[in-house]
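S.K.: One structure, pasted below without further comment.
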Amino acid sequence: MTEGDLLNDGYNNTGKSAQCSYICDNVYMIFHFIVTIGAFGLLAVVGLVSNLVSMVIYATVGLTDSMSVSLFALSFTDFAASVIQSMMAATYLASEIYPSCPVDLQVIAFVFMGWSLNAGHLISCWLTAFISVERCLCVVTPFRVKQIFTVQRTVIMLLVIYLIHVATLLPVFISETMQWVSLDNSKNFNSNITTEREMHYTVIFTDFSDAVETAVDITTSMFLFTVSQLVLVICSTLLTCALKASSSVRLRSSDSVDSLLPTRKRRSKLSTQEKKLIRMVLSLAVLQMACNVPRLSLIVFYNAYPGIGADDRDFAEVIWAPASVFINIGCTANTFCYYFLNSSYRKVFKRMTDLK
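Okay, here's the thing in structure tokens:
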């Protein structure tokens, strides 16, 4: 790749990001510190602690069935995503503290850690979809679910989900590598401008990098993500309908007695446990879709209009950072959903922390 190609990717002769043509420098710096560093760092810490607590709880209860194994894998994936997220925030902060660093810290965070974080979020989506399938079958076919979802089969399916998403990410790392390059650095000394050659460790894009990114976006960020959300919606709908149908059959014999009571005293068709299960499933489904829709919208927008902001790294960060914050909220909030909606999880947590 030539130096001219590097300039087209948002660099001037000093190796720094080119001037933002969409957003002024002051607004960008405020956004950079508040969102990219502050919000990312805060969510990373919360995600690390909450998902670590979840893994300890699941390990304490025992990974004896498929559901506990899947939930542990989901917490581990969200924990790994929080680790990458904390590394991104630390790398962005280091780039501001040490701006003359020969290593392009921002591009390491935005490109390589960003793609890794994207893979972690997609894996989390598919693990949630896999868990919803098992929960749905627990209601639809309760006597066969244990035969279908054994621990061994669950582990195999989880590994397949991981391998598929890792395999789809490899072409990006092959087409976009980090190398030492020589760049011109202009300096003003006693009104004399001198040009020196400096070595910078930055990203090198191959001729097929754009095609690879587009293909990965279509296969993973759009197709695989959309399929996982469809599975989640279908399973959540089937589970809700199955619970209502089973409760109607269960209470049909007592309809004549309930009809004699006032409306406010009639028994609900759904038991308390069934209502909690529906709330938990629907809450997780709505949370995941709401947190991932901004990212999916941006991917569709960028693929439809690839020329917008292509040579402006600051603009790309301002556009993508809020979407990443929403996704990270989803990874962090899973633990809180389980705490408030799952009584067993809450009991173990209180027992561990001695909270009454």
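Residue numbers for the sequence shown follow numbering that gives the first Met the number 0, beginning at 0 and rising by one.
The beta-carbon is built from N, C-alpha and C at its ideal position, and this holds for glycine as well.
The model shown is predicted, which means the values in this text are computed figures rather than measured ones.
1) Would you call D206 buried or exposed, if buried means 16 or more other Cβ atoms sit within 10 Å of its Cβ?
2) Which two residues bound the contiguous alpha helix (DSSP H) that contains T167?
3) With a 10 Å radius around its C-beta and 16 neighbouring C-beta atoms as the bar for buried, classify D77 as buried or exposed.
4) Shortest alpha-carbon distance to Y91 belongs to which of I318, F224 and G113?
5) Counting only the same chain and skipping the five closest in sequence on each side, list residues whose C-beta sits under 6 Å from that of K145.
6) Rounded to whole angstroms, what's the CA-CA distance from V26 to M177? Just pull it up for me.
7) Using alpha carbons as the reference points, say which of I29, S81, H199 and L47 lies closest to I107.
8) Please work out which residues of its chain come closer than 7 Å, Cβ to Cβ, to F75, disregarding the five sequence neighbours upstream and downstream, and give them in chain order.
9) Taking the continuous alpha helix (DSSP H) assigned at F78, which residues delimit it?
10) Classify K264 as buried or exposed, calling it buried when 16 or more other Cβ atoms lie within 10 Å of its own Cβ.
11) Given that a residue counts as buried once 16 or more other Cβ atoms are within 10 Å of its Cβ, and exposed if not, what is F300?
12) Going by the beta-carbon positions, is the gap between L237 and C137 smaller than 8 Å?
13) Roughly how many angstroms lie between the CA atoms of S356 and T63, to the nearest whole one?
14) At the level of alpha carbons, what is the spacing between S123 and V52?
15) So, is S220 buried or exposed, given that buried needs 16 or more other C-beta atoms within 10 angstroms?
16) I need the straight-line Cα distance from I318 to P293, nearest angstrom please.
17) Name the one or two DSSP bridge partners that W179 has.
18) In terms of alpha-carbon separation, which member of Q287, T127, D353 and F339 lies closest to V324?
M.R.: Considering the structure as presented:
1) To locate residue 206, count along the sequence shown from 1; it is residue 207. Under this definition D206 is an exposed residue.
2) Residue 167 sits at position 168 when you count from the first residue of the sequence shown. Here the alpha helix (DSSP H) through T167 covers V150 to S174.
3) Translated into positions along the sequence shown, residue 77 becomes position 78. Burial is judged here by how many other beta carbons sit within 10 angstroms of a residue's own beta carbon; D77 has at least 16 and is buried.
4) As a first step, residue 91 must be located in the sequence shown, where it is residue number 92. Checking every option, the nearest Cα to that of Y91 belongs to G113.
5) As a position in the sequence shown, residue 145 is number 146, starting the count at 1. Within the same chain, K145 has no close Cβ partners at all.
6) Against the sequence shown, residue 26 aligns to sequence position 27. Against the sequence shown, residue 177 aligns to sequence position 178. Rounded to the nearest angstrom, the two C-alpha atoms are 29 Å apart.
7) Taking the first residue of the sequence shown as 1, we reach residue 107 at position 108. Comparing Cα-Cα distances from I107 to each of I29, S81, H199 and L47, the minimum goes to H199.
8) One-based indexing of the sequence shown puts residue 75 at position 76. Around F75: M54.
9) As a position in the sequence shown, residue 78 is number 79, starting the count at 1. First-last of the alpha helix (DSSP H) with F78: S65 to I96.
10) Residue numbering aside, residue 264 sits at position 265 when the sequence shown is read from its first letter. Below a pLDDT of 50, predicted positions are generally treated as unreliable, and K264, at 46, falls in that range; no measurement from the model is reported.
11) Locating residue 300 in the sequence shown gives position 301, counting from the first residue. In the assembly as shown, F300 is an exposed residue. Its beta-carbon has fewer than 16 other beta-carbons within 10 Å.
12) On the sequence shown, residue 237 is found 238 positions in, with the first residue counted as 1. On the sequence shown, residue 137 is found 138 positions in, with the first residue counted as 1. Cβ atoms of L237 and C137: not closer than 8 Å.
13) For the chain, the structure presents residues 0 to 355; residue 356 sits outside this window and is missing.
14) Taking the first residue of the sequence shown as position 1, residue 123 is located at position 124. Taking the first residue of the sequence shown as position 1, residue 52 is located at position 53. The straight-line gap from Cα to Cα measures roughly 17 Å.
15) Here residue 220 is taken as the residue at index 221 of the sequence shown, counted from 1. Answer is buried; the Cβ neighbour count reaches 16.
16) Locating residue 318 in the sequence shown gives position 319, counting from the first residue. Locating residue 293 in the sequence shown gives position 294, counting from the first residue. Spanning the two alpha carbons is a distance of roughly 10 Å.
17) By one-based count along the sequence shown, residue 179 stands at place 180. Per DSSP, Y200.
18) Residue 324 sits at position 325 when you count from the first residue of the sequence shown. Among Q287, T127, D353 and F339, the Cα nearest to that of V324 is on Q287.
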